[in-house]
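Student: Once you've had a glance at the structure underneath, I'll fire off some questions.
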Amino acid sequence: MTGSGSALNLPFFCDTHVHTSLCGHAEGKMEEYVQAAVQKGLQHIIFLEHMEEGIVTPHPSWLSEKDFDFYFSEGLRLKNKYRNLIRIGLGVECGYNPDCKKRLQSRLSARNWDQIGISCHFLKIKDEEQHLNLLSRRPEHIERALRLGPEKLFSMYLETLHEAISVLSGSLLCHLDAALRWVPGHHLNDQHYLKIDEILRTAATKNMILEINTSGIKIRGEPFPDTRIRSLAQAHGLSFQLGSDAHRPEDVGNGFERFTEPPF
8 MTGSGSALNL PFFCDTHVHT SLCGHAEGKM EEYVQAAVQK GLQHIIFLEH MEEGIVTPHP
68 SWLSEKDFDF YFSEGLRLKN KYRNLIRIGL GVECGYNPDC KKRLQSRLSA RNWDQIGISC
128 HFLKIKDEEQ HLNLLSRRPE HIERALRLGP EKLFSMYLET LHEAISVLSG SLLCHLDAAL
188 RWVPGHHLND QHYLKIDEIL RTAATKNMIL EINTSGIKIR GEPFPDTRIR SLAQAHGLSF
248 QLGSDAHRPE DVGNGFERFT EPPF
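Written out as structure tokens, the structure is:
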């Protein structure tokens with residue numbers, strides 16, 4: 008897919024969201040993830056490596072264009088080597104930055120992705136040099152979030168994510184309510200759910216799939232997004248697909264046993 012927003016026809020036992028050591032904050036080589044998926048009986052695995060643009064942080068956690076060159080080269084080798092055992096997809100998780108929308112659009116359109124996931128990991132904070140990492144468990148990010156106000160930040164996040172799926176061509180909406188997941192006491196209010204409903208309506212018009220991100224099970228006892236959001240998505244006719252968000256080979260397919268058949 009070159010910037011296409013069309014939903015993919017994926018088999019049920021597919022892990023649509025897997026990272027590797029290429030992103031700088033995960034462990035294991037691409038082949039180790041493929042081997043883990045084969046061992047767990049998955050029919051299909053999709054690497055979804057991080058793309059960011061214009062983010063100011065002392066801890067970069069995404070691939071450069073040179074990294075993506077290797078990613079595609081190695082991915083094609085693995086597709087050929089394991090072609091009789093598992094289907095392998097090479098996708099991207101594009102983190103949105105409103106200040107760099109044209110550059111992100113250009114980068115997405117330059118390669119033939121098997122899947123384009125849309126997310127938002129960072130927010131630009133007024134009068135602060137560094138972006139805030141909304142999904143980090145680092146104490147400094149949690150302290151900043153508490154100081155700035157989690158309720159307000161989550162509203163900003165939702166507005167940014169809504170813009171992201173409106174201006175970028177994506178096929179998968181990633182971990183919708185995972186922002187601020189490590190901030191103590193954070194919870195969604197009714198206004199958040201109203202905005203989420205708007206996001207889901209837009210996602211449906213673009214034929215996007217909603218990711219059921221099973222990494223949330225270990226963090227809060229249920230996947231991202233929560234049951235209420237999944238019900239809203241189902242009302243809008245959205246399809247679902249499982250993603251482990253694995254950052255270690257052994258995490259591929261984690262939590263999938265909880266889901267017996269779609270819709271989830």
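Throughout the sequence shown, residue numbering follows this note's numbering, covering 8 to 271 in sequence. For glycine and all other residues, C-beta sits at the position ideal for the given N, C-alpha and C. All values derive from a computational prediction rather than experimental measurement.
(1) Which residues bound the alpha helix (DSSP H) around Gly223?
(2) Determine, using beta carbons only, whether Gly177 and Asn220 come nearer to each other than 8 Å.
(3) Mapping the DSSP letters down to three states, classify Met37 as helix, strand or coil.
(4) Would you tell me roughly how many angstroms separate the C-alpha atoms of Arg118 and Leu111, rounded to the nearest one?
(5) Distance check for Ile52 and Arg114, CA to CA, integer angstroms please.
(6) Any idea what DSSP makes of Phe54, helix, strand or coil?
(7) Kindly list the residues whose CB is nearer than 7 Å to the CB of Ile62, restricted to its own chain and excluding five residues on each side of it in sequence; keep chain order.
(8) If you check the beta carbons only, do His182 and Ala33 fall under 8 Å apart?
(9) Is the distance from the Cβ of Ala44 to the Cβ of Gly260 below 8 Å?
(10) What first and last residue would you give for the beta strand (DSSP E) that runs through Glu218?
(11) Here's the rule: buried if 16 or more other CB atoms are within 10 angstroms of the residue's CB, otherwise exposed. What is Ile206?
(12) Please report the straight-line C-alpha distance between Cys272 and Ala171, rounded to a whole angstrom.
(13) Would you tell me roughly how many angstroms separate the C-alpha atoms of Val99 and Met37, rounded to the nearest one?
(14) Tell me the rounded alpha-carbon separation between Ile354 and Leu179.
(15) In angstroms with no decimal places, state the Cα-to-Cα distance between Gly82 and Ala186.
(16) Which word fits Ile125, buried or exposed, when buried means at least 16 other C-beta atoms lie within 10 angstroms of its C-beta?
(17) For Ser11, which of helix, strand or coil comes out of DSSP?
(18) When we look at the beta-carbon of Asn196 and count the other beta-carbons within 10 Å, is it buried (16 or more) or exposed?
(19) As an exercise, report each continuous beta strand (DSSP E) stretch of at least 3 residues that is fully enclosed by the segment 162-221, in chain order.
(20) To the nearest angstrom, report how far apart His243 and Pro157 are at their CA atoms.
(21) Bridge partners of Ser126, per DSSP?
Tutor: Inspection of the coordinates gives the following:
(1) Gly223 to Arg227
(2) no
(3) helix
(4) 12 Å
(5) 23 Å
(6) strand
(7) Asn104, Phe129 and His138
(8) no
(9) yes
(10) Ile216 to Asn220
(11) buried
(12) The requested residue 272 is not part of the displayed model; the chain covers only 8 to 271.
(13) 14 Å
(14) With the chain running from 8 to 271 in the structure shown, residue 354 is simply not present.
(15) 29 Å
(16) buried
(17) Since pLDDT at Ser11 reaches only 44, below the 50 mark, its modelled position is unreliable, and the value read off the structure follows with that caveat. If DSSP states are grouped into helix, strand and coil, Ser11 belongs with coil.
(18) exposed
(19) 216-220
(20) 28 Å
(21) Gly102
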